[in-house]
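Read in order, the letters of the sequence shown correspond to residues 714 to 1136 in this note's numbering.
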Amino acid sequence: MQADSTIFSLIAKEKERQLKGVELIASENFVSQQVMDAMGSVLTNKYAEGLPAKRYYGGCEVVDEVENLAIDRLKELFGATWANVQPHSGAQANAAVMLACLNPGDNILGFDLSHGGHLTHGSTVNFSGKLYKPHFYGVEKESGLIDFNKIVDTARKVKPKMIICGASAYSRDWDYKTLRETADEIGAILLADISHPAGLIANKHLNDPLEYCHIITSTTHKTLRGPRGGIIMMGKNFDNPFGLTTPKGTIKKMSALLDSAVFPGTQGGPLEHVIAAKAVAFGEALQPEYKAYTQQVISNAQALAKAMVAKGYEIISKGTDNHLMLIDLRNKNVTGKEAEAVLGEVDITVNKNMVPFDTQSPFVTSGLRLGTAAVTTRGLTENHMDQIANWIDGAILAKDDNNELNKIRTEVNELMSSFPLFK
Ligand code: PLP
């Protein structure tokens, strides 16, 4: 067969882009070669609808072992009592949980997308806001912090069947205990979507949702540093305290409902090559080196936040407890869209982001979201964060000065070329 030089030369080009640039997109990371190898393996050839030992296809003995290892390692990593590693993505994981626990039209309560929440937590452009009746909580205008007492008040008022916590752009920790008390009081299911800080939670750098939340979902490709994908876990074995039923009316264990909401509820065959890569990544995350990595991610985020503040940038909530920060650019007279574009010109990749109470549209925005998971994997430490803040500020100030932008890009490329992609 003729080699597809068109696609492979584009892949080589993308590798070069990743190598030369500073990657600050908070939801991205670099996987190891062995995670990559597992993904690019013969397991992609295998159909395996069902669960280990309960498949609808023959020849699943080997993939059963792979999937069982992924489940066991994930449970060990988080101290979970049950896990499903099949969701193709974070959005799929959330869709399956909602399918298992809710009926169309049920009230749900999530973190407002425009304050840092995620689409799948009730946004009206997403299935979660179309099928269910969404209500939202947000951050306080002055502090940029979530006031958990206000969530309690709203929950008492709207009586959601599900409370969702977790975010895409919130730099502070969560009070899962208070949310669980409220969930118990009103008979709601508490879901924590830990897609962003999962790796930091696994290493106990942040509060542990598995102690309090009924169900936990996550992506596997952000701080967890695995392949793109999703997972669902349960912290404690709840024997269906909510009386959730199957379509035939039988009351089942919540774990069984969640399994069948993934397949056949929302997906077909699981991606066993990706599940193998998840197993490799969970194995890596159980090593002591990963603990050091997650600590460095937080130290780098705090150093970057401090360096940005020193340059006169405003950070929502004034700092960070995790791997990311949301910068409010309104005092700098530049939009998120303009800043993203000019930083792209100097090979610093970021994403524009709405800030709470933003007056710009989601396509323009007044903010930037910065994260340190990827640069930390490349090997950068606190010492580099001042340099990165200088480049960001320099590029934004010199947005119409091509000579200055070229100079910054050369410096960025020189530094990053000396840090290999993750081995
Ligand atoms: N949940 C949260 C909190 C996220 O930040 C994201 C992705 O950014 C998702 C879910 C969706 O993940 P995916 O893109 O894998 O569907």
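A virtual CB, placed ideally from N, CA and C, is assigned to each residue, including glycine. On a predicted model such as this, the values are computed, not experimentally measured, just so you know.
Can the beta-carbon of residue i be found less than 8 Å from the beta-carbon of residue j?
| i | j | result |
| --- | --- | --- |
| VAL1047 | VAL1125 | no |
| GLY851 | PRO1069 | yes |
| SER827 | ASP1071 | yes |
| ALA998 | ALA751 | no |
| GLY943 | GLY803 | yes |
| PRO800 | LEU844 | no |
| ALA882 | ASN1013 | no |
| ASP886 | ASP1034 | yes |
| TRP795 | SER908 | no |
| PHE849 | ASP825 | yes |
| ALA1016 | LEU812 | no |
| ASP972 | SER931 | no |
| ARG938 | VAL744 | yes |
| HIS1036 | ILE1061 | no |
| ALA1020 | ASP921 | no |
| PRO987 | GLN747 | Residue 987 is actually Val in this sequence, not Pro. Contact: no. |
Mind reading off the beta-carbon distance from residue i to residue j? Whole number of angstroms is fine, and I expect it under 8 Å.
| i | j | result |
| --- | --- | --- |
| LEU756 | VAL735 | With 8 Å as the limit, LEU756 and VAL735 do not qualify as a contact, their Cβ atoms being about 33 Å apart. |
| VAL798 | ALA783 | 4 Å |
| LEU919 | LYS874 | Contact doesn't hold; Cβ gap of about 27 Å is too wide. |
| LEU858 | ILE876 | Their Cβ separation, rounded to whole angstroms, is 18 Å, which puts LEU858 and ILE876 out of contact at 8 Å. |
| ALA739 | ARG1043 | No, ALA739 and ARG1043 are not in contact; Cβ-Cβ is about 20 Å, not under 8 Å. |
| GLY948 | ILE929 | 6 Å |
| SER841 | ILE821 | 7 Å |
| GLN1009 | THR936 | Rounded, the Cβ-Cβ distance is 11 Å, inconsistent with contact. |
Can we count residue i as close to ligand 1, meaning its CB is less than 7 Å from some heavy atom?
| i | result |
| --- | --- |
| HIS909 | yes |
| THR932 | yes |
| ASN807 | yes |
| GLY879 | yes |
| HIS831 | yes |
| ASP886 | no |
| ARG1082 | no |
| GLY823 | no |
| ASP1034 | no |
| GLY943 | yes |
| ASP906 | yes |
| GLY939 | no |
| GLY1025 | no |
| GLY851 | no |
| GLY818 | no |
| SER802 | yes |
| SER1012 | no |
| SER740 | yes |
Going by DSSP, what residue range makes up the alpha helix (DSSP H) through residue i?
| i | result |
| --- | --- |
| HIS918 | No alpha helix (DSSP H) holds HIS918; DSSP gives it neither H nor E. |
| TRP1104 | 1095 to 1110 |
| ASP897 | 889 to 899 |
| ASP785 | 774 to 791 |
| SER973 | 967 to 973 |
| THR867 | 861 to 871 |
| ALA992 | 985 to 998 |
| ASN807 | 803 to 814 |
| LYS1019 | 1001 to 1023 |
| GLY711 | Since the first residue of the chain shown is 714 and the last is 1136, residue 711 is not available in this structure. |
Could you pull the start and end residues of the beta strand (DSSP E) that residue i belongs to?
| i | result |
| --- | --- |
| ASP1041 | 1037 to 1041 |
| ALA716 | ALA716 -> no beta strand (DSSP E), and no H or E assigned at all. |
| PRO847 | 846 to 850 |
| LEU904 | 902 to 906 |
| ARG1082 | 1080 to 1084 |
I want to see whether chain C comes within less than 8 Å of residue i, judged by CB atoms only; does it?
| i | result |
| --- | --- |
| ALA766 | The structure shown contains no chain C; it holds only a single protein chain. |
Assign residue i to buried or exposed, taking buried as 16 or more other Cβ atoms, counted over all protein chains shown, within 10 Å of its Cβ.
| i | result |
| --- | --- |
| MET714 | exposed |
| ALA1005 | exposed |
| GLN805 | buried |
| GLU924 | exposed |
| PHE791 | buried |
| LYS854 | exposed |
| TYR659 | Residue 659 lies beyond the range of the chain shown here (714 to 1136); nothing can be said about it. |
| GLU898 | exposed |
| LYS1136 | exposed |
| PHE721 | exposed |
| GLU780 | buried |
| THR1090 | buried |
| ASN742 | buried |
| VAL1088 | buried |
| LYS890 | exposed |
| ALA1052 | buried |
| VAL1055 | buried |
| SER718 | exposed |
Under the criterion of a Cβ to heavy atom distance below 7 Å, does residue i qualify as lining ligand 2?
| i | result |
| --- | --- |
| GLY978 | Looking for ligand 2 in the displayed structure turns up nothing; the ligands present are ligand 1. |
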